[in-house]
Amino acid sequence: MTELLSPSFILLVTRDLLFESRVTGAATALTVQVKTTGALVAARQIAAEPGCQCVLYDLSLGTAGLAEFVQELRASRPVPVIAFGSHVATALLESARAAGCSEVMPRSRFVTILPDLLARFGGQGHSP
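Counting from 1309, one number per residue, gives the positions in the sequence shown under our numbering.
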């Protein structure tokens, strides 16, 4: 019996519609599916879907509940959580590190490496 694979996707958690458009535009150019939400509650459900390969978390949402989200996700499946935020928001960046995010970076670096992240985690064959 052939096992059907769930379509791979990347989850973007942000409320910034302009930035969401930037990420989804880059993803479309690379034929990578991105699902988006602006709420951590919804992110929990979406990240639990079998096709989720990576979570991109915008620290402008704050870090309340982020540690629990990362722990829950890690307990169910090893999906990387990459957090990004303003380079001047050092407390938020440090809080994301303490929450257990796989990678934490300033937004400028995130934008620079976005195509690489999309290519790395957006492929059907990627296993988190």
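For every residue, glycine included, the Cβ atom is placed at its ideal position computed from N, Cα and C.
Alpha carbon to alpha carbon, what distance is there between Q1341 and Q1361? For the purposes of this step, residue 1361 is identified with residue 53 of the sequence shown, where counting begins at 1. For the purposes of this step, residue 1341 is identified with residue 33 of the sequence shown, where counting begins at 1. The alpha-carbon atoms of Q1361 and Q1341 are separated by roughly 10 Å.
Would L1425 be called buried (16 or more neighbouring beta carbons within 10 Å of its own) or exposed? As a position in the sequence shown, residue 1425 is number 117, starting the count at 1. Buried is the call here.
Give the DSSP-derived three-state secondary structure of Q1341 in the structure shown. Start at 1 with the first residue of the sequence shown, and residue 1341 comes out as number 33. It is coil, neither helix nor strand.
Which runs of the alpha helix (DSSP H) spanning at least 4 residues fall entirely within the segment 1328 to 1404, listed in chain order? 1348 to 1355 and 1374 to 1384
Going by DSSP, which residues form a beta bridge with V1412? As a first step, residue 1412 is located in the sequence shown; it is residue number 104 there, counting from the start. Note: V1412 sits in a beta bridge opposite A1391.
Answer with buried or exposed for S1314, where buried requires no fewer than 16 other C-beta atoms within 10 angstroms of its C-beta. As a position in the sequence shown, residue 1314 is number 6, starting the count at 1. When all chains shown are included, S1314 counts as exposed.
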